[in-house]
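At position 76 of the sequence shown (counting the first as 1) the number is 140 in the numbering used here, and the numbers step up by one without a gap. We put the CB at the ideal spot given by N, CA and C, even for glycine. Quick caveat: nothing in here was measured; it's all calculated off a predicted structure. Remarks on the structure that follows.
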Amino acid sequence: MFYARVNPDGTTFSMRASSNLIHICPGRSGQSNKNTNAQWVVNEVEETIRAVRTTRPAGVKELISRRYGIDISYYTSWNAWTICMEMIVGSYEESYIMQPEFMRQVL
């Protein structure tokens, strides 16, 4: 038998149970976490990507999984990797804008 009680904050509950209850819910293993976004992942893996430039999106996904036990989608890891690489080496658009100036300096 168990009892539920509203906490002082008014929105959460505390469960009080006898000692013979066993939690057997399998959870949602294998599903990606919908609340993680690319910016959060960037904040967590930017230093690693700066140190190991060969890190790819699959490596970002694996790193978050190992470090936090969270499965993120490949799309989220791709977006985070892209943002990190732009922060480290710059974007292609900026490089192409600067190309005429570089040509002028070379010639």
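For L127, the enclosing alpha helix (DSSP H) starts and ends at P121 to Y132.
Here the alpha carbon of I147 sits roughly 42 Å from the alpha carbon of V70. In the DSSP annotation of this structure, the continuous segment of the alpha helix (DSSP H) that includes P164 starts and ends at Y156 to V170.
Between the stretch 131 to 149 and the stretch 93 to 112 there are three or more inter-stretch CB-CB distances shorter than 8 Å, so the stretches are counted as touching. The three-state reading of DSSP puts S78 in strand, counting E and B together.
In this structure, the CA atom of S78 is about 6 Å from the CA atom of A68.
For V116, the number of other beta carbons within 10 angstroms of its own is below 16, and it is reported as exposed.
Note: A68 is bridge-paired with M79 in the DSSP secondary-structure output.
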